[in-house]
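In order, the protein sequence lines correspond to chains H and X.
Residues in the first sequence are numbered consecutively from 3, following this note's numbering.
Residues in the second sequence are numbered consecutively from 3, following this note's numbering.
2 protein chains.
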Amino acid sequence: MAKSGKDSTEQVITFVREMIAKGELRQGDRLPAERDLSTKLGVSRPTIRAGLRALSAMGVVKSRHGSGTYIPEGPPTLGSEPLRFLAALHGLSRDEVYEARRVLEVSAAGLAAKRASAEHTAVIAEEVASLFASIDDPQEFLVHDIRFHRAVASASGNQIVASLVEMVSALYYEHRRDTAARATDRNLRDAADLHRAIYQAIRKHDIDLAQTLMNRHLLHSAAYQAQEDQPLGLQAARPVKGSRSPRKRAAAPDAS
Amino acid sequence: MAKSGKDSTEQVITFVREMIAKGELRQGDRLPAERDLSTKLGVSRPTIRAGLRALSAMGVVKSRHGSGTYIPEGPPTLGSEPLRFLAALHGLSRDEVYEARRVLEVSAAGLAAKRASAEHTAVIAEEVASLFASIDDPQEFLVHDIRFHRAVASASGNQIVASLVEMVSALYYEHRRDTAARATDRNLRDAADLHRAIYQAIRKHDIDLAQTLMNRHLLHSAAYQAQEDQPLGLQAARPVKGSRSPRKRAAAPDAS
DNA sequence: ATCACGGAAGTGGACTGTCCAATCGGCGTC
DNA sequence: GACGCCGATTGGACAGTCCACTTCCGTGAT
Numbered sequence: 003m004a005k006s007g008k009d010s011t012e013q014v015i016t017f018v019r020e021m022i023a024k025g026e027l028r029q030g031d032r033l034p035a036e037r038d039l040s041t042k043l044g045v046s047r048p049t050i051r052a053g054l055r056a057l058s059a060m061g062v063v064k065s066r067h068g069s070g071t072y073i074p075e076g077p078p079t080l081g082s083e084p085l086r087f088l089a090a091l092h093g094l095s096r097d098e099v100y101e102a103r104r105v106l107e108v109s110a111a112g113l114a115a116k117r118a119s120a121e122h123t124a125v126i127a128e129e130v131a132s133l134f135a136s137i138d139d140p141q142e143f144l145v146h147d148i149r150f151h152r153a154v155a156s157a158s159g160n161q162i163v164a165s166l167v168e169m170v171s172a173l174y175y176e177h178r179r180d181t182a183a184r185a186t187d188r189n190l191r192d193a194a195d196l197h198r199a200i201y202q203a204i205r206k207h208d209i210d211l212a213q214t215l216m217n218r219h220l221l222h223s224a225a226y227q228a229q230e231d232q233p234l235g236l237q238a239a240r241p242v243k244g245s246r247s248p249r250k251r252a253a254a255p256d257a258s
Numbered sequence: 003m004a005k006s007g008k009d010s011t012e013q014v015i016t017f018v019r020e021m022i023a024k025g026e027l028r029q030g031d032r033l034p035a036e037r038d039l040s041t042k043l044g045v046s047r048p049t050i051r052a053g054l055r056a057l058s059a060m061g062v063v064k065s066r067h068g069s070g071t072y073i074p075e076g077p078p079t080l081g082s083e084p085l086r087f088l089a090a091l092h093g094l095s096r097d098e099v100y101e102a103r104r105v106l107e108v109s110a111a112g113l114a115a116k117r118a119s120a121e122h123t124a125v126i127a128e129e130v131a132s133l134f135a136s137i138d139d140p141q142e143f144l145v146h147d148i149r150f151h152r153a154v155a156s157a158s159g160n161q162i163v164a165s166l167v168e169m170v171s172a173l174y175y176e177h178r179r180d181t182a183a184r185a186t187d188r189n190l191r192d193a194a195d196l197h198r199a200i201y202q203a204i205r206k207h208d209i210d211l212a213q214t215l216m217n218r219h220l221l222h223s224a225a226y227q228a229q230e231d232q233p234l235g236l237q238a239a240r241p242v243k244g245s246r247s248p249r250k251r252a253a254a255p256d257a258s
């Protein structure tokens, strides 16, 4: 009856929070069944469901029909859905997204250069190699581009920064995928070179250089994107085309 | 008209998303009543509630009992709850939180120095003045400290960056509030001086200096915090339960 | 003995119906 | 005209029931 008395649905969130805090729930674990939680917490099942739905929206849990409710595994992740709504509600410009991404990635590159381990640099090197190998396949190139940046973010050694990079980048990659098909060999070639330079800077622990190169890369990339799609103004005026929305997880077909 | 979705509850989210995209829903607006949405979307009310609960968890909407469900006003905000869970689940160290905050705030200071307007600098100046005025009142000092950093983030001109700063800082301020009462005049004096220096750098559009000073300030602050307390966890977000602080100073029922 | 198939049990997803509590506006009273 | 009360509206929560999907185990065919 302590602090949990305000909202019944808050009780659910608090309960899960405390289970996590106590170490009773870890990654990959399954939560008790909704019916069990219902009796255990003394609240109705719809209320339990509401609480779990909230946790699900926060990305804390993930429900699988017929199986159970689980805590996702893998690296820490912040959903990018809230950002999408935020952008729509406040009319955030695409430039702001680009800039935010640049801020995060440049910092991540700096951190990576500061403390990248041998394993981290190896992963990055691998992606650089894959980039050069897929210069003739824009879609494949994009996949390794994404993985490269993810590897750099991971090498930063700061999981929060990595999560933020992922969150903001997700917005960016969405239409990036559309323009990827139109990229020329020249663009990809230049991009691959820059990626390699960034990798080398990280490997040499040259913080300033890594940051500078990453900044240049992203500025260049943003400029290229900007010249690609003008219809920004048109899209705003035109009524939404209804069903084109990427409801499906558009995150790119990565397997590993 | 209901867009065919996999999940019934997804329909609700999609519906709201499209209303926002069409401009039919803006900040401060009230959503249709749950019962109306129920008939309009052809799904049951508990389902509507589940969808709204998810949106609420994302911070997109906010329900007020007896009044309605609204879209919050004010600057864009990303809840920090997900980060809290992330920290608990992945055992993120406090240092990571500090570092992430530093990364964001340093970048924000740089952007602010680049493009701060007269109004923005005025707001920052005001908070600096308030900092000096409340050197003998740690709690009040903390309030203006927070406002100062918020003003800087806002002056960055990038709402996404500002939101991220707010999100990460929220984690930080929680235990900061506990240690605030123990801060000495000397600490506050130094902090105020640094804040003033940061402000001046921003006003002079000296990007490098602003970043350097902000970085120094936060490093110093982190070092001070580190010597204060050890434990990290996720205590239930609200007031600390009885078992934590070895010595609790004056109660300070101030909730701000 | 092995493996594929089928069904039962467990789980989340959703619906119907009902009641409670908070809010807000309008009406009547003072 | 100001105040206060009361009811309509709205979100919050509950109970019971049914459905869809997943999983797994036992059965039977190979």
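Heads up, the beta-carbon is just placed ideally off N, CA and C, and yes, glycines get one too.
Keep in mind the model is a prediction, meaning the values are calculated, not measured.
Residues that DSSP places opposite residue i in a beta bridge
| i | result |
| --- | --- |
| X/Arg66 | X/Gly70 |
Per-residue DSSP class, three states only, for residue i
| i | result |
| --- | --- |
| X/Arg32 | strand |
| X/Glu20 | helix |
| H/Ser10 | helix |
| H/Glu142 | helix |
| X/Thr123 | helix |
| X/Pro84 | helix |
| X/Ala118 | coil |
| H/Asp147 | helix |
| H/Val77 | Position check: residue 77 of chain H holds Pro in this sequence, whereas Val was assumed. Of the three classes helix, strand and coil, the one that applies to H/Pro77 here is coil, per DSSP. |
| X/Asn160 | coil |
| X/Leu236 | Model confidence at X/Leu236 stands at a pLDDT of 47, short of 50, so the residue's coordinates are unreliable and nothing is read from them. |
| X/Ile50 | helix |
| X/Val130 | helix |
| X/Asp208 | coil |
| H/Ser95 | coil |
| X/Ile15 | helix |
| H/Ser58 | helix |
| X/Glu107 | helix |
| X/Glu26 | coil |
| H/Gly112 | helix |
| H/Val45 | coil |
| H/Ser136 | coil |
8 Å Cβ cutoff met for residue i and residue j
| i | j | result |
| --- | --- | --- |
| X/Glu168 | X/Arg149 | no |
| X/Ile15 | X/Leu43 | no |
| H/Thr18 | X/Val163 | Residue identity differs from the one stated: residue 18 of chain H is Val in this sequence, not Thr. Contact: no. |
| X/Ile50 | X/Ala111 | no |
| X/Ile22 | H/Ala90 | yes |
| H/Val125 | H/Tyr174 | no |
| H/Arg55 | X/Arg191 | no |
| X/Gln161 | X/Pro77 | yes |
| H/Ala102 | H/Val170 | yes |
| H/Glu142 | H/Leu220 | no |
| X/Ser45 | X/Ser10 | Note on identity: in this sequence residue 45 of chain X is Val, with Ser being the wrong assignment. Against a cut-off of 8 Å, the Cβ pair of X/Ser10 and X/Val45 comes out as a contact. |
| H/Leu211 | H/Leu196 | no |
| H/Ser65 | X/Ser109 | no |
| X/Thr71 | X/Arg32 | yes |
| H/Leu166 | X/Leu166 | yes |
| H/Ala127 | X/Ala59 | no |
Own chain, CB closer than 7 Å to residue i, minus 5 neighbours either side, in chain order
| i | result |
| --- | --- |
| X/Pro248 | Residue placement at X/Pro248 is poorly supported in this model, since its pLDDT is 38, which falls under 50; the coordinates are not used for a value here. |
| X/Glu20 | none |
| H/Ala194 | Leu133, Phe134 and Ile137 |
| H/Ala52 | Thr11 |
Cβ neighbours of residue i in the same chain (closer than 8 Å, five flanking residues each side left out)
| i | result |
| --- | --- |
| X/Gly61 | Pro74, Thr79, Leu80 and Gly81 |
| X/Asn189 | Tyr226 |
| H/Leu94 | Leu88 |
| H/Pro34 | Lys42 |
Own chain, CB closer than 6 Å to residue i, minus 5 neighbours either side, in chain order
| i | result |
| --- | --- |
| X/Arg47 | Glu36 and Ser40 |
| X/Ala118 | Ala157 and Ile204 |
| X/Ala114 | Val154, Ala157, Ser158 and Ile204 |
| H/Arg172 | According to the sequence displayed, residue 172 of chain H carries Ala and not Arg. Contacts found: Ser82. |
| X/His207 | Ala115 |
Those runs of the alpha helix (DSSP H) which lie wholly inside the segment 163-206 of chain X and span at least 4 residues:
187-205
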